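If you read the sequence shown in full-length UniProt numbering, its first letter stands for residue 1, the second for the next number, and so on. Here is the structure we will look at, set down as structure tokens.
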Amino acid sequence: MPGLENIIYDEVTETMHIAGFRLSAPLDPEHKFTDMTFVDWGLAIPPNNADWEKDSTKWA
1 MPGLENIIYD EVTETMHIAG FRLSAPLDPE HKFTDMTFVD WGLAIPPNNA
51 DWEKDSTKWA
């Protein structure tokens, strides 16, 4: 299962990469990768308020 350990952040370029998935699958090129994708994959932890999906600034 993916987790936070799969995120690699390059501070120089301010670029985030995701690596190390054992059972990876190609993404549909038409599918937009959004903040919700990070939550769905367990790569971000949203706050517990009711409108968390509308404001990602307080996510961990």
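Note that beta-carbon positions come from the ideal geometry of N, C-alpha and C, so glycine has one too. Since the structure is predicted, the reported quantities are computational estimates derived from the model, not experimental observations.
For this session: List the residues that DSSP assigns as beta-bridge partners of residue 17.
Result: In the DSSP assignment, residue 17 forms a beta bridge with 8.
Exercise. What is the C-beta distance between residue 25 and residue 8, in whole angstroms, given that I count them as a contact (C-beta under 8 Å)?
Worked result: Not a contact, Cβ separation roughly 20 Å.
Problem set entry | Classification of residue 38 by the beta-carbon crowding that lies within 10 angstroms, buried from 16 upward | buried
Exercise. Can we count residue 32 as close to the ligand COA, meaning its CB is less than 6 Å from some heavy atom?
Worked result: The ligand COA is not part of the structure shown, which contains no ligands of any sort.
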